[in-house]
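Q: The sequence shown begins at 85 in the working numbering and counts up one residue at a time.
We treat Cβ as the ideally placed atom computed from N, Cα and C, and that holds for glycine.
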Amino acid sequence: MPDPSWRELNRAMWNERVPLHLNSSLYDVPGFRAGALSLRDHEIKDLGDVMGKDLVHLQCHFGKDTLSWARLGARVTGLDFSEAAIAAAAQLAAEIGVDARFVTSDVYDASAALGRQTFDFVYTGVGALCWLPDMERWAKVVFELLRPGGQLYLFEFHPLKWIFNLNAERLEIKDNYFTPPQGFREEGVTYADATAPATPTPTIQWNHPLGEVVTALTSAGLRILSLRELDCDVLRQWPMMVRGEDRMYRMPHDMASLPLMYVLRAIRDA
């Protein structure tokens, strides 16, 4: 069973991180205010024309990706359990003049929190699933949120990358691929700024293998359209990684490539 304190610990940590992230170079809020999109090119290409489509972003943090979809014409709803994140998202939307709805809710309660509304797209990922203990319950929520013909778009860190640690410029296996049900506790600095002071609240996380995610989605009634593993990362996980023109980081040519992220698309047929 998960540690019973997981939700409150993680919510407290995310509330603490919001002001750090708003001022971090990684999130580049000034650039976003000036009109930049936070989405990667492949995301925009994969979803295609979203003009007039209803899109819900689960675990949206302070809403940059949510508002990027709105700038592309989608009718967007962002949902997150962090009160601080949702307040910052609503403020950011007002500052840039973009119409969006932001709702504070645990992701497992999303359908009720959104009044049983259904959507053309459920968008999520980039560090979302590791905060959830139960993939089967999450997949059922995704199914409930999609109208017939609606699609899930999941852009997420590959679970394999979390087992490695850098030691003397060599990658070594440090952690289990399969996380125990209670999850693992972690303390430390935010990924957005390694020089920032550590947040005082520990977190509880889970590493979900691809098989677990796919099986949960198909068991919930969704049909997998595609699963694409990527050799690139939105973060510089290790110092030797090289940034490409697509703003993604890859291993240098003299090192073996690894699956670092993946894109999964699934559809609700009926």
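(1) Return the Cβ separation of R349 and L309 in integer angstroms, given the expectation that the two are a contact with Cβ distance under 8 Å.
(2) Alpha carbon to alpha carbon, how far is R254 from T208? Give it in angstroms, no decimals.
(3) Sort out for me which residues DSSP pairs G162 with in a bridge.
(4) In chain order, what residues of the same chain have a beta carbon less than 7 Å from the beta carbon of V113, not counting five sequence neighbours either side?
(5) Apart from the five residues on each side of it in sequence, which residues of its chain come closer than 7 Å, Cβ to Cβ, to N99?
(6) Could you check which residue in P343, L344 and T188 has the C-alpha nearest to that of H145?
(7) Taking contact to mean 3 or more Cβ pairs, one atom from each stretch, closer than 8 Å, check whether the region 139-153 and the region 172-185 are in contact.
(8) Which of the three DSSP states is assigned to L213 in this structure?
(9) Which partner residues of Q321 appear in the DSSP bridge assignment?
(10) Just confirm the distance between the C-beta atoms of A223 and E240, as a whole number of angstroms; I'd bet it's less than 8 Å.
(11) L93 and P286 look like a contact to me (Cβ under 8 Å); what is the Cβ gap, rounded to whole Å?
(12) Just to confirm my understanding: we take V225, look at its own chain, exclude 5 residues before and 5 after, and list those with CB closer than 7 Å. What are they?
(13) Does the region 257-271 come into contact with the region 289-296, if we say contact requires no fewer than three beta-carbon pairs (one atom in each stretch) closer than 8 Å?
(14) Please say whether K137 and A158 have beta carbons closer to each other than 7 Å?
(15) Provide the residue span of the alpha helix (DSSP H) that contains I180, from first to last.
(16) Just checking my contact of E330 with D125 at CB under 8 Å: how many whole Å lie between their CB atoms?
(17) If distances are taken between C-alpha atoms only, which option among V206, A120 and V134 comes closest to I180?
(18) Could you please give me the residues that DSSP links to S152 through a beta bridge?
(19) Check each candidate in V347, C316 and Y346 and name the one with the smallest Cα separation from H337.
(20) Look up A276 in the DSSP assignment and say whether it is helix, strand or coil.
(21) Looking at the unbroken beta strand (DSSP E) that takes in V347, where does it start and where does it end?
A: The answer reads as follows:
(1) 4 Å
(2) 32 Å
(3) H141 and F186
(4) L106
(5) S166, E167 and A168
(6) T188
(7) yes
(8) helix
(9) BP columns for Q321 are empty, so no partner.
(10) Wrong, their Cβ atoms sit about 13 Å apart, outside the cutoff.
(11) 6 Å
(12) V191, Y192, A194 and S195
(13) yes
(14) yes
(15) E167 to I180
(16) Inspection of the sequence shows that residue 330 is occupied by Asp rather than by Glu. The Cβ separation is near 6 Å, so the contact holds.
(17) A120
(18) Answer is none; S152 lacks a bridge partner.
(19) C316
(20) Only weak support exists for where A276 lies, its pLDDT of 47 falling under 50; the value from the coordinates is given anyway. DSSP places A276 in coil when its eight states are reduced to three.
(21) M345 to I351
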